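Chemist:
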Amino acid sequence: MSISVFDLFKIGIGPSSSHTVGPMHAARHFALRLAAEQSLSQCQRISAELYGSLGATGAGHGSPKAILMGLEGETPEGVEVASIAERVAAIREGGRLNILGQHAIDFSYRDDLVMHRNESLPYHANGMQFSAFDGAGELLSRAVFYSVGGGFVVDETAAGEDAITQDQTPLPYPFSTAEELLQQCREHGLSISALMMANELAWRSDAEIKEQLLGIWRVMDACIATGVATEGIMPGGLKVKRRAAQLHRQLKSEQQPLGDASLNTMDWVTLYALAVNEENAAGGRIVTAPTNGAAGIIPAVLKYYLDHCSGSSEDDVV
Numbered sequence: 397m398s399i400s401v402f403d404l405f406k407i408g409i410g411p412s413s414s415h416t417v418g419p420m421h422a423a424r425h426f427a428l429r430l431a432a433e434q435s436l437s438q439c440q441r442i443s444a445e446l447y448g449s450l451g452a453t454g455a456g457h458g459s460p461k462a463i464l465m466g467l468e469g470e471t472p473e474g475v476e477v478a479s480i481a482e483r484v485a486a487i488r489e490g491g492r493l494n495i496l497g498q499h500a501i502d503f504s505y506r507d508d509l510v511m512h513r514n515e516s517l518p519y520h521a522n523g524m525q526f527s528a529f530d531g532a533g534e535l536l537s538r539a540v541f542y543s544v545g546g547g548f549v550v551d552e553t554a555a556g557e558d559a560i561t562q563d564q565t566p567l568p569y570p571f572s573t574a575e576e577l578l579q580q581c582r583e584h585g586l587s588i589s590a591l592m593m594a595n596e597l598a599w600r601s602d603a604e605i606k607e608q609l610l611g612i613w614r615v616m617d618a619c620i621a622t623g624v625a626t627e628g629i630m631p632g633g634l635k636v637k638r639r640a641a642q643l644h645r646q647l648k649s650e651q652q653p654l655g656d657a658s659l660n661t662m663d664w665v666t667l668y669a670l671a672v673n674e675e676n677a678a679g680g681r682i683v684t685a686p687t688n689g690a691a692g693i694i695p696a697v698l699k700y701y702l703d704h705c706s707g708s709s710e711d712d713v714v
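Right under this line is the structure:
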């Protein structure tokens, strides 16, 4: 299997890798395609149409904001989360969209961002179609993308084939299934982590791997810190109250020493996972692990290990 750990653990935003991260990537790809085709300066209108699951539930999962930010050139890992709501409101109210931050056009949030709630595209439930037009209404470019999970996006040319094109980089310990992974470990006397590190070295140096993994961990840690400090109601019509901050205060008030056998381990792990999940639901900065829906588990375990187990250090994250 030639998928890097950095393909699985990607810095992005909530609340959904399929409905938020993927659509932002797709919208940006389309905008970059316009620039590559020398059509950007001619473009006077863009329409984005969401189908299937994106059309039916995308509004609640932040798909529209992701589309707009992607068309303006933002990436899930780079966009300033705190600015998104204000920027989307400005586009809706002002009727202007700045493609790739270079070319401003008129944009109607109602007419140019269409949610097809009862229609699907042929190959996947999360389909999107982008179209660009010139001042005379002539079509300049059109593309279909599918958000296939975990933030991965494919265009229509890949539809019907393997959704994710395998990297052909030769690995010292290739595997395609969990059984093959375990067999490789047994044959070579390696732990899973040691085998994965050896494979990862086919793409980047040891120093680069450690630096990037620690960068991912710091985003996870910051997400937990924000989650345990933030109170209020989460976005959406259900008016769900955040619980992580209150639980954090409760656990801290018990004042149990680190490493004490009486410490309720699962309460702390649950708290950290809940903090990430609440940040994800609020559209905050998170790391797919390997999806947004599962984003709380690995940070929670690492946080508990680093903060509650004696002798631990940040180097152990790698």
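Count the sequence shown with my numbering and you get residues 397 to 714, in order. Glycine included, C-beta positions come from ideal geometry on N, C-alpha and C. None of the values given here were measured: they were computed from a predicted structure.
Under a three-way DSSP split, which group does V714 fall into?
Modeler: Translated into the one-based positions of the sequence shown, residue 714 becomes position 318. Here V714 sits in coil by DSSP.
Chemist: Indicate whether N676 and G456 have their beta-carbon atoms separated by less than 8 Å.
Modeler: For this step, residue 676 is matched to residue 280 along the sequence shown. For this step, residue 456 is matched to residue 60 along the sequence shown. Not closer than 8 Å, so no.
Chemist: What does a CB cutoff of less than 6 Å around A462 pick up in its chain, not counting 5 residues either side in sequence?
Modeler: Within the sequence shown, the letter at position 66 stands for residue 462. Correct list, in chain order: T416, P419 and M420.
Chemist: Contact between the stretch 540-551 and the stretch 493-506: three or more CB pairs below 8 Å?
Modeler: Judged by Cβ distances under 8 Å, the stretch 540-551 makes no contact with the stretch 493-506, as fewer than three pairs qualify.
Chemist: Can you tell me the Cα-Cα spacing of A559 and V544, whole angstroms?
Modeler: Along the sequence shown, read from residue 1 onward, the residue named residue 559 stands at position 163. Along the sequence shown, read from residue 1 onward, the residue named residue 544 stands at position 148. Any reading at A559 must be qualified, since the residue scores a pLDDT of 47, below 50, and its modelled position is unreliable; the value itself is stated next. Between A559 and V544, the C-alpha separation is close to 7 Å.
Chemist: Should the stretch 545-553 be regarded as contacting the stretch 562-575, the criterion being three or more beta carbon pairs within less than 8 Å?
Modeler: Not touching, per the Cβ criterion.
Chemist: Beta-carbon within less than 7 Å of T626's beta-carbon, same chain only, minus the 5 sequence neighbours each way: which residues are those?
Modeler: The residue labelled residue 626 in the question sits at position 230 within the sequence shown. These residues qualify, in order along the chain: R638 and A641.
Chemist: What number of angstroms, rounded off, separates the C-alpha of G458 from the C-alpha of A690?
Modeler: Taking the sequence shown and counting its residues from 1, the one referred to as residue 458 is at position 62. Taking the sequence shown and counting its residues from 1, the one referred to as residue 690 is at position 294. Straight-line Cα distance between these residues: approximately 18 Å.
Chemist: Report the rounded CA-to-CA distance for Y569 versus E604, giving the unit in angstroms.
Modeler: Reading the sequence shown from its first residue, position 173 is the one you call residue 569. Reading the sequence shown from its first residue, position 208 is the one you call residue 604. About 20 Å.
Chemist: Report back the beta-carbon spacing between E468 and H512 to the nearest angstrom; my notes put them in contact at under 8 Å.
Modeler: The residue labelled residue 468 in the question sits at position 72 within the sequence shown. The residue labelled residue 512 in the question sits at position 116 within the sequence shown. Contact doesn't hold; Cβ gap of about 23 Å is too wide.
Chemist: With the cut-off set at 8 Å, would you say M616 and E674 are in Cβ contact?
Modeler: As a first step, residue 616 is located in the sequence shown; it is residue number 220 there, counting from the start. As a first step, residue 674 is located in the sequence shown; it is residue number 278 there, counting from the start. Cβ distance not < 8 Å, so M616 and E674 don't count as in contact.
Chemist: Under 8 Å between the Cβ atoms of F405 and V713?
Modeler: By one-based count along the sequence shown, residue 405 stands at place 9. By one-based count along the sequence shown, residue 713 stands at place 317. Taking 8 Å as the Cβ cut-off, F405 and V713 do not qualify as a contacting pair.
Chemist: Could you give the DSSP three-state label for E675: helix, strand or coil?
Modeler: Numbered from 1 along the sequence shown, position 279 holds the residue referred to as residue 675. Here E675 sits in helix by DSSP.
Chemist: Which residues in the same chain have their Cβ closer than 6 Å to the Cβ of S527, if we skip the five residues on either side of it in sequence?
Modeler: Here the question's residue 527 lines up with position 131 in the sequence shown. Answer for S527: S443 and R538, listed in chain order.
Chemist: Name, in chain order, the residues that DSSP records as bridge partners for K637.
Modeler: Within the sequence shown, residue 637 is the residue found at index 241, counting from 1. DSSP, once it has assigned bridges, lists I629 as partnering K637.
Chemist: Going by other Cβ atoms of all chains shown within 10 Å of its Cβ, with 16 needed for buried, is C439 buried or exposed?
Modeler: Position 43 of the sequence shown holds residue 439. Answer is buried; the Cβ neighbour count reaches 16.
Chemist: Using a Cβ-Cβ cut-off of 7 Å (strictly less than) and excluding sequence neighbours within five positions of L567, which residues of its own chain qualify?
Modeler: On the sequence shown, position 171 is the one that residue 567 refers to. Closer than 7 Å at the Cβ level, and outside the excluded window around L567, lie S398, N595 and A598.
Chemist: Using a Cβ-Cβ cut-off of 8 Å (strictly less than) and excluding sequence neighbours within five positions of E473, which residues of its own chain qualify?
Modeler: Numbered from 1 along the sequence shown, position 77 holds the residue referred to as residue 473. Here the set comprises K406, I407 and G408.
Chemist: In terms of DSSP beta bridges, what is A528 paired with?
Modeler: One-based indexing of the sequence shown puts residue 528 at position 132. Note: A528 sits in a beta bridge opposite I442 and S537.
Chemist: Given a threshold of 16 other Cβ atoms within 10 Å of its Cβ, counted over all protein chains shown, does V475 qualify as buried or as exposed?
Modeler: Residue mapping note: residue 475 aligns to position 79 of the sequence shown, counting from 1. Result: buried.
Chemist: Does DSSP put G545 in a helix, in a strand, or in coil?
Modeler: Walking along the sequence shown from the start, residue 545 turns up at place 149. Looking at G545 - three-state DSSP - the assignment turns out to be strand.
Chemist: Short of 6 Å in beta carbon distance, which residues of its chain neighbour N494, apart from the five on each side in sequence? Order them along the chain.
Modeler: Within the sequence shown, numbered from 1, the residue matching residue 494 stands at position 98. So the qualifying residues of the chain are E468 and A500.
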